[in-house]
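Asks:
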C-alpha cells in the first residue's frame with residue numbers, strides 16, 4: 019500500500035492523504051497470488067491497528083511509518099509486482 023500510494027502521489031492522485039483504488043480486495047488477492055480471505059483478514063488487522071482506512075474504493079494510510087514496519091515483518095509474503103503496470107484481469111494462456 020505504501021508503494022502504491024507513493025506512485026499515485028507522483029501522478030497527483032493522492033488527495034488529503036487518500037487515494038482511490040480501481041480494484042477490489044478480490045482483485046488485490048489475485049494480483050498478489052493470495053486467497054481473498056487472507057487479504058481481508060490482513061486489511062481488518064491493519065484497520066484495527068489504526069494503520070489504514072479502507073472505505074469502498076478509497077484508501078487512507080493513517081500511519082505510514084508503522085505500516086512500512088508491518089511490511090518488513092511480513093516480508094515473507096509474495097510481492098504484488100506490476101500492480102500499476104498491468105491489468106488485473108485474469109491472465110489467459112494462448113491456445
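Residue numbers (our numbering): 19 to 113.
Even for Gly, the Cβ is constructed at its ideal location relative to N, Cα and C.
Keep in mind it's a predicted model, so treat the numbers as computed, not measured.
Between the Cα of residue 67 and the Cα atoms of 87, 50 and 45, which residue gives the shortest distance?
Replies: Among 87, 50 and 45, the Cα nearest to that of residue 67 is on 87.
Asks: Can you name, in chain order, every residue of its own chain whose Cβ lies under 8 angstroms from the Cβ of residue 84, other than the five neighbours on each side?
Replies: The residues are 67 and 69.
Asks: Note down the Cα distance separating residue 22 from residue 54, rounded to an integer number of angstroms.
Replies: Their backbone Cα atoms lie some 19 angstroms apart in a straight line.
Asks: What whole-angstrom Cβ distance do residue 61 and residue 43 have, given they're in contact under 8 angstroms?
Replies: About 7 angstroms; that satisfies the 8 angstroms criterion.
Asks: Which one or two residues does DSSP pair with residue 84 in a beta bridge?
Replies: Paired residues: none, contrary to the question.
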